[in-house]
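A short worksheet on the structure shown next.
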Amino acid sequence: MPKLLLFVLFVLGVVLWFKHQGRRDASPRVERPVEDMVRCAVCRVNLPRSEAILSQGKIYCCDEHRRRGS
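Under our numbering, think of the first position of the sequence shown as 156, with each following residue one higher.
Below, the structure written as structure tokens:
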């Protein structure tokens, strides 16, 4: 009986140790700030404002659409 109890405690200790190692190695989640979405005046695709091209008061998704829309 004491050998069985020692074996169970050993297995429990190993399992808890592995669980603890997994938490420590996991990288923390980096949350990006929420960004406004805008719509291209030509193709109507939604894209983040930081990736959009603003020309003459209109928003475009790429330079080709900017040339076509102007």
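Yeah, the Cβ is synthetic: ideal placement off N, Cα and C, and Gly gets one too.
As DSSP reads the structure, residue 194 sits in a beta bridge with 201.
Rounded to the nearest angstrom, the Cβ distance from residue 194 to residue 214 is 7 Å, consistent with a contact under 8 Å. A residue is called buried once 16 or more other Cβ atoms fall within 10 Å of its Cβ, and residue 220 is buried on that count.
DSSP places residue 223 inside the alpha helix (DSSP H), whose first and last residues are 218-224. Separation of the CB atoms of residue 218 and residue 204 is rounded to 17 Å, and the pair is thereby denied contact status at 8 Å.
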